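Below is one structure, written out as structure tokens; the observations come after it.
Numbering (the numbering used here), first residue to last: 6 to 182.
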């Protein structure tokens, strides 16, 4: 039987490296956004897209009910996608499967280079799955953290209402010799 910690570490490294490779290439591409409506506030640097929002940038695809982009000058500072759920998809490289994620809210923080999936968050690559209430990924440090939903009884040390779940499929190649 394989060590569960080793399997979890392998999955996290796989997901982390895929985000890093894809984000570096895709963020250099043009961004195309389609929606039912858009509202721009030049003073605050905020653009709000609503209604069947679709964002495409390279292999990155985001679908949401609402997307808010916050700029400082011409530089994106933060993006917030809300949906039921909001969906994220990105092809990491030619030889790796598509990475998919969904959550009620997806936040991208440009300065700290972090992505947070909040509310019934699910991250999937091939048949491998990582789910929880919140999944955070730091692009710079290539770290993933996840947590379940908070306990319903304030002040009590008890199990979270929802725990994280990790599903790792066996390697087709079999055990290394």
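Cβ coordinates follow ideal geometry from the N, Cα and C atoms, glycine included. Bear in mind that the values here come from a model prediction, so they are computed numbers and not experimental data.
As computed with DSSP, residue 64 is found in no beta bridge at all. In this structure the segment 71 to 80 does not lie against the segment 93 to 108, because fewer than three pairs of beta carbons, one per stretch, are closer than 8 Å.
For the 8 Å CB-CB criterion, residue 124 and residue 169 do not form a contact. If you look at residue 138, you'll find it in the beta strand (DSSP E) that goes 133 to 143. In terms of Cα proximity to residue 87, the closest of 68, 94, 77 is 68. Exclusion of the five residues before and after residue 66 leaves 94 as the residues of its chain whose Cβ lies within less than 6 Å of its Cβ. In the DSSP assignment, residue 169 falls outside any beta strand (DSSP E) and carries neither an H nor an E.
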